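Okay, structure first, notes after.
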Amino acid sequence: MDECDAKKCTARKMLRHGLATAFRMHRSEGILLTPFAITAFSPADRELCIEHELVALDCSWKKIMSSSAMPKNLKHVHELFKNQRILPFLVPANPVHFGKPCILSTVESLASACWIIGMKALAKKMLSIYTWGEVFISMNYELLERYAQCKNSAEVLEVQKEYLP
């Protein structure tokens, strides 16, 4: 959405490395990762991701967090996806938001989703383009593994609830 610093944009770097493709506006049966979703992303979403697509919003966290409502420029994207998911609790390792719970970069979001649906090699490959990629995995390894063992969104939320006070 061209809202972040181009030099630090993890989505652009993924595109340059051939690890992602830019989303072209169309209705989709795939999964949209969004902080505005109600349903947690889980291993049950694997088939939708494989058969259709997995899309992450690449937008400014500042704009999202400064408003109690969804920014207008995101509403159209959300209307294209009937399957919207929020990632469970994870801690970022990227230098911009290091240690700030749930404020993941695009690469951290997509890699986490891949890990949760059993595509660990792809998740590691995505994160390998950053020096802090392995740090993200090590910081979140236990949670990622537990989320990956769940059957559905409800179980993912139970694991999250056990972890959070």
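Read in the numbering used here, the sequence shown has 182 at position 149, and its numbers run on one by one without any break. Glycine included, each C-beta is placed from N, C-alpha and C at the ideal position. In this text, all values refer to a predicted model and were calculated from it rather than measured experimentally.
Taking only the alpha-carbon atoms, compute the straight-line gap between W165 and E86 and give it to the nearest angstrom.
What you label residue 165 is simply residue 132 of the sequence shown in a count that begins at 1. What you label residue 86 is simply residue 53 of the sequence shown in a count that begins at 1. In this structure, the alpha-carbon of W165 lies about 26 Å from that of E86.
To which residues does DSSP link A70 through a beta bridge?
Taking the first residue of the sequence shown as 1, we reach residue 70 at position 37. Residue pairing by DSSP places A70 opposite no residue, since no beta bridge is assigned to it.
Please name the residue in A154, M172, E191 whose C-alpha comes closest to that of L137.
For the purposes of this step, residue 137 is identified with residue 104 of the sequence shown, where counting begins at 1. Ranking A154, M172, E191 by Cα distance to L137 puts M172 first.
G63: buried (16+ other C-beta within 10 angstroms of its C-beta) or exposed?
Walking along the sequence shown from the start, residue 63 turns up at place 30. Buried, by the Cβ-count rule.
Which residues DSSP lists as bridging N127, in chain order:
Here residue 127 refers to the residue found at position 94 of the sequence shown. According to DSSP, which records beta bridges pairwise, N127 is partnered with nothing at all.
So is A77 buried or exposed if we call it buried at 16+ other beta carbons inside 10 Å?
Residue mapping note: residue 77 aligns to position 44 of the sequence shown, counting from 1. When all chains shown are included, A77 counts as buried.
Cβ neighbours of A144 in the same chain (closer than 7 Å, five flanking residues each side left out)
Here residue 144 refers to the residue found at position 111 of the sequence shown. These residues qualify, in order along the chain: A156, M159, L160.
Whole-angstrom distance between S75 and N185, CA atom to CA atom
Start at 1 with the first residue of the sequence shown, and residue 185 comes out as number 152. Start at 1 with the first residue of the sequence shown, and residue 75 comes out as number 42. Answer to the nearest angstrom: the Cα atoms are 5 Å apart.
Rounded to a whole number of angstroms, what is the C-alpha to C-alpha distance between A126 and L120?
Here residue 126 is taken as the residue at index 93 of the sequence shown, counted from 1. Here residue 120 is taken as the residue at index 87 of the sequence shown, counted from 1. If you take the alpha carbons of A126 and L120, they lie about 16 Å apart.
Pull up the DSSP beta-bridge partners for L177, would you.
Within the sequence shown, residue 177 is the residue found at index 144, counting from 1. DSSP, once it has assigned bridges, lists no residue as partnering L177.
Please report the distance separating the alpha-carbon of L113 from that of L90.
As a position in the sequence shown, residue 113 is number 80, starting the count at 1. As a position in the sequence shown, residue 90 is number 57, starting the count at 1. Near 13 Å, if we compare the C-alpha coordinates of L90 and L113.
Give every residue of the same chain whose Cβ lies closer than 8 Å to the Cβ of L123, excluding the five residues on either side of it in the sequence, and list them in chain order.
Within the sequence shown, the letter at position 90 stands for residue 123. Within the same chain, L123 has close Cβ partners P134, C135, L137, E141, S145, N173, L176, L177.
So for G166, helix, strand or coil by DSSP?
Taking the sequence shown and counting its residues from 1, one reaches residue 166 at position 133. In the three-state reduction of the DSSP assignment, G166 falls in the helix class.
Of the listed residues L65, T72, L66, nearest to V189 (C-alpha basis):
If you number the sequence shown from 1, residue 189 lands on position 156. With distances taken between Cα atoms, V189 lies closest to T72.
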